[in-house]
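*Asks:* There's a structure below that I have some questions on.
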Ligand SMILES: [Zn+2]
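In this note's numbering, the protein residues as written are 2 to 341.
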């Protein structure tokens with residue numbers, strides 16, 4: 002099954018989404034029971050079982066002022082490729098964002114030797130974080146493509162400390178429950194993040210509590226390049242150029258960087274031009290990411306469908322899809338109010 006077929010599960014093809022409000026719930030395919038559920042407590046916290054998809058749109062007025070997110074990636078290109086639009090949107094809405102990169106990226110990318118690869122990827126990581134407006138970068142430095150050899154307790158301990166120190170409310174990361182992910186750095190990081198989110202709010206790792214307080218992560222935006230549950234589609238139309246920039250500045254690895262200017266040059270050597278690449282290197286790099294990497298050749302270059310096609314299903318120009326897990330709020334106060 003193709004990954005994005007999950008998206009289709011809960012929406013009629015003809016549904017038109019009005020451009021109002023920060024988010025709205027598309028009721029599922031669904032029988033009467035599902036619809037009843039969606040009218041109740043699921044407006045804030047839809048569950049995949051109910052077949053609902055929330056369309057999250059940009060909201061003016063900094064609704065997330067005071068909140069903190071961590072964008073967590075094993076390699077310098079993961080967040081820009083899969084969630085750059087959402088990261089830019091959340092920052093525009095008032096979040097303070099931090100980047101945590103778990104691997105040292107030694108095994109991939111431009112450089113004459115391992116040392117140069119590590120350095121170039123670190124520079125690309127700093128550049129993409131700056132392009133997205135993130136406040137600070139933390140590099141955990143685990144060996145690239147070898148993250149299974151580390152004790153997950155150790156990785157979790159460091160993440161838990163950072164979540165407590167930075168008071169992280171929200172994480173953006175690979176989906177720990179997606180299927181067919183082949184890169185060990187991706188799934189090891191995702192599993193460690195998932196556990197660290199709740200453990201940061203517990204009394205685990207008690208020695209940390211002499212300098213930081215328990216602080217659990219309440220919201221998660223998980224992306225994947227294999228099949229996953231999708232229950233949230235973020236409208237990234239206003240931030241697509243920012244997402245493009247965050248990929249263009251990654252020049253050491255990944256499908257963006259200078260790929261457009263390189264293609265333009267190689268076509269020129271064959272006496273060919275591609276109008277979409279424009280008349281100079283900068284335009285070629287930008288347009289390559291926007292129109293080829295994120296749209297026309299997305300499945301080949303990124304392993305996921307086009308952001309444009311994802312958006313089109315919901316009446317949006319550009320969009321990113323996630324398995325979103327929100328705050329687990331109790332219904333007891335409301336029950337007591339009505340019944341006591
Ligand atoms: Zn990666």
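All C-beta atoms, glycine included, are put in the ideal place defined by N, C-alpha and C.
Return the residue from the list 83, 77 and 71 that minimises the CA-CA distance to residue 291.
*Replies:* Looking up residue 291 in the chain shown gives position 290. Among 83, 77 and 71, the Cα nearest to that of residue 291 is on 83.
*Asks:* Is DSSP giving residue 174 helix, strand or coil here?
*Replies:* The residue given as residue 174 occupies position 173 in the chain shown. Three-state result, residue 174: strand.
*Asks:* By how many angstroms is the C-alpha of residue 244 removed from the C-alpha of residue 154?
*Replies:* Counted from its first residue, the chain shown places residue 154 at position 153. Counted from its first residue, the chain shown places residue 244 at position 243. Spanning the two alpha carbons is a distance of roughly 33 Å.
*Asks:* Buried or exposed: residue 115, going by 16 or more other Cβ atoms within 10 Å of its Cβ?
*Replies:* Here residue 115 refers to the residue found at position 114 when the chain shown is read from its first residue. That one is exposed.
*Asks:* Helix, strand or coil, according to DSSP, for residue 341 in the structure here?
*Replies:* Residue mapping note: residue 341 aligns to position 340 of the chain shown, counting from 1. DSSP places residue 341 in coil when its eight states are reduced to three.
*Asks:* Could you say if the stretch 224-238 and the stretch 315-325 meet the contact criterion of at least three C-beta pairs nearer than 8 Å?
*Replies:* The stretch 224-238, when compared against the stretch 315-325, does touch it at the 8 Å Cβ threshold.
*Asks:* Between which two residues does the alpha helix (DSSP H) containing residue 200 stretch?
*Replies:* For the purposes of this step, residue 200 is identified with residue 199 of the chain shown, where counting begins at 1. Counting along the chain, the alpha helix (DSSP H) containing residue 200 begins and ends at 185-200.
*Asks:* Would you say the beta carbon of residue 76 comes nearer than 6 Å to a heavy atom of ligand 1?
*Replies:* As a working mapping, residue 76 is identified with position 75 in the chain shown. Residue 76: yes, Cβ under 6 Å from ligand 1.
*Asks:* Answer yes if the stretch 323-330 comes into contact with the stretch 213-229, meaning at least three C-beta pairs across the two stretches below 8 Å, and no otherwise.
*Replies:* Cβ pair count under 8 Å is three or more, so yes.
*Asks:* Should residue 106 be listed as close to ligand 1, given that the test is whether its C-beta is under 6 Å from any heavy atom?
*Replies:* Here residue 106 refers to the residue found at position 105 of the chain shown. Checking the Cβ of residue 106 against ligand 1 gives no.
*Asks:* Should residue 176 be listed as close to ligand 1, given that the test is whether its C-beta is under 6 Å from any heavy atom?
*Replies:* Along the chain shown, read from residue 1 onward, the residue named residue 176 stands at position 175. Incorrect: residue 176 has no Cβ contact closer than 6 Å to ligand 1.
*Asks:* Ligand 1 and residue 79: does any heavy atom of the ligand fall closer than 6 Å to the residue's C-beta?
*Replies:* The sequence position of residue 79 within the chain shown is 78, counting from 1. Yes, the Cβ of residue 79 comes within 6 Å of a heavy atom of ligand 1.
*Asks:* Do three or more CB pairs link the stretch 191-204 to the stretch 160-173 at distances below 8 Å?
*Replies:* Yes, they touch.
*Asks:* Which value, in whole angstroms, describes the spacing of the CA atoms of residue 36 and residue 316?
*Replies:* Position 35 of the chain shown, counting from 1, holds the residue named residue 36. Position 315 of the chain shown, counting from 1, holds the residue named residue 316. Because the pLDDT of residue 36 is 31, which lies under 50, any placement of that residue in the model is unreliable, and the number read from its coordinates should be weighed accordingly. Cα to Cα, the separation comes out at about 22 Å.
*Asks:* Please list the terminal residues of the continuous alpha helix (DSSP H) segment that includes residue 303.
*Replies:* Within the chain shown, the letter at position 302 stands for residue 303. 299-303 is the extent of the alpha helix (DSSP H) around residue 303.
*Asks:* From the DSSP output, in three-state form, read off residue 152 for me.
*Replies:* Counting from 1 along the chain shown, the entry for residue 152 is found at position 151. Of the three classes helix, strand and coil, the one that applies to residue 152 here is coil, per DSSP.
*Asks:* At 4 residues or longer, and completely inside the stretch 254-339: list those alpha helix (DSSP H) runs for me, N to C.
*Replies:* As far as the stretch 254-339 is concerned, its whole alpha helix (DSSP H) runs of at least 4 residues are 260-270, 282-288, 299-303 and 308-313.
*Asks:* Can you find the residues in the same chain that come closer than 6 Å, C-beta to C-beta, to residue 64, ignoring five residues on each side of it along the sequence?
*Replies:* Here residue 64 refers to the residue found at position 63 of the chain shown. Within the same chain, residue 64 has close Cβ partners 94.
*Asks:* Give the DSSP-derived three-state secondary structure of residue 160 in the structure shown.
*Replies:* The residue given as residue 160 occupies position 159 in the chain shown. DSSP places residue 160 in helix when its eight states are reduced to three.
*Asks:* Between residue 278 and residue 285, which are expected to be in contact by the criterion C-beta below 8 Å, what is the C-beta distance as a whole number of angstroms?
*Replies:* Against the chain shown, residue 278 aligns to sequence position 277. Against the chain shown, residue 285 aligns to sequence position 284. About 4 Å; that satisfies the 8 Å criterion.
*Asks:* Relative to the alpha-carbon of residue 141, which residue among 160, 175, 248 and 88 has its alpha-carbon at the smallest distance?
*Replies:* Reading the chain shown from its first residue, position 140 is the one you call residue 141. Nearest of 160, 175, 248 and 88 to residue 141, Cα basis: 160.
*Asks:* For residue 211, name the three-state secondary structure that DSSP assigns.
*Replies:* Looking up residue 211 in the chain shown gives position 210. Correct three-state label for residue 211: helix.
*Asks:* Are there 16 or more other CB atoms within 10 angstroms of the CB of residue 301, so buried, or fewer, so exposed?
*Replies:* As a working note, residue 301 is residue 300 in the chain shown. Burial call: exposed.
*Asks:* Exposed or buried, which one is residue 66 when buried takes at least 16 other CB atoms within 10 Å?
*Replies:* One-based indexing of the chain shown puts residue 66 at position 65. Under this definition residue 66 is an exposed residue.
*Asks:* So, residue 195 versus residue 177, is the Cβ gap smaller than 7 Å?
*Replies:* Looking up residue 195 in the chain shown gives position 194. Looking up residue 177 in the chain shown gives position 176. Against a cut-off of 7 Å, the Cβ pair of residue 177 and residue 195 comes out as a contact.
*Asks:* With burial defined as no fewer than 16 other Cβ atoms inside 10 Å of the residue's Cβ, what is the status of residue 28: buried or exposed?
*Replies:* The residue you call residue 28 lines up with position 27 of the chain shown. Its pLDDT being 49, under 50, residue 28 is placed unreliably by the model, and the measurement read from it follows with that caveat. Looking at its Cβ environment, which holds 16 or more other Cβ atoms inside 10 Å, residue 28 is buried.
*Asks:* Determine the direct distance from the alpha carbon of residue 120 to that of residue 314, and round the result to whole angstroms.
*Replies:* Counting from one through the chain shown, the residue named residue 314 turns up at place 313. Counting from one through the chain shown, the residue named residue 120 turns up at place 119. Those two C-alpha atoms are separated by around 40 Å.
*Asks:* Using 10 angstroms around the beta-carbon of residue 283, count the other beta-carbons present and answer buried if the total reaches 16, otherwise exposed.
*Replies:* Stepping through the chain shown from its first residue, residue 283 is reached at position 282. So residue 283 counts as exposed.
*Asks:* How would you call residue 337, buried or exposed, if buried means at least 16 neighbouring beta carbons within 10 angstroms?
*Replies:* Position 336 of the chain shown, counted from the first residue, corresponds to residue 337. With fewer than 16 Cβ atoms within 10 Å of its Cβ, residue 337 is classed as exposed.
*Asks:* When burial is assigned at 16 or more other CB atoms within 10 Å of the CB, is residue 118 buried or exposed?
*Replies:* Here residue 118 is taken as the residue at index 117 of the chain shown, counted from 1. Buried: at least 16 other Cβ atoms inside 10 Å.
*Asks:* Do you know how far the Cα of residue 209 is from the Cα of residue 76?
*Replies:* Along the chain shown, read from residue 1 onward, the residue named residue 76 stands at position 75. Along the chain shown, read from residue 1 onward, the residue named residue 209 stands at position 208. Those two C-alpha atoms are separated by around 27 Å.
*Asks:* Considering only C-alpha positions, which residue in the set 122, 150 and 170 is nearest to residue 72?
*Replies:* Indexing the chain shown from 1 puts residue 72 at position 71. Minimum Cα distance to residue 72 is reached at 170.
*Asks:* Report the three-state DSSP secondary structure of residue 44 (helix, strand or coil).
*Replies:* Locating residue 44 in the chain shown gives position 43, where the first residue counts as 1. Note that residue 44 has pLDDT 37, beneath the 50 cutoff, so the model's placement of it is unreliable and the number below is only indicative. If DSSP states are grouped into helix, strand and coil, residue 44 belongs with the helices.
*Asks:* Return the CA-CA distance between residue 33 and residue 79, expressed in angstroms with no decimal places.
*Replies:* Working through the chain shown from its first residue, we reach residue 33 at position 32. Working through the chain shown from its first residue, we reach residue 79 at position 78. Annotation note: pLDDT 30 at residue 33 (below 50); position unreliable, no value reported.
*Asks:* Just grab the DSSP bridge partners of residue 97 for me.
*Replies:* Sequence index remark: in the chain shown, residue 97 carries index 96 (1-based). Residue 97 is bridged to 69.
*Asks:* Specify whether the stretch 245-262 and the stretch 294-310 touch according to this definition: at least 3 beta carbon pairs, one from each stretch, less than 8 Å apart.
*Replies:* Flag = yes, the stretch 245-262 and the stretch 294-310 touch.
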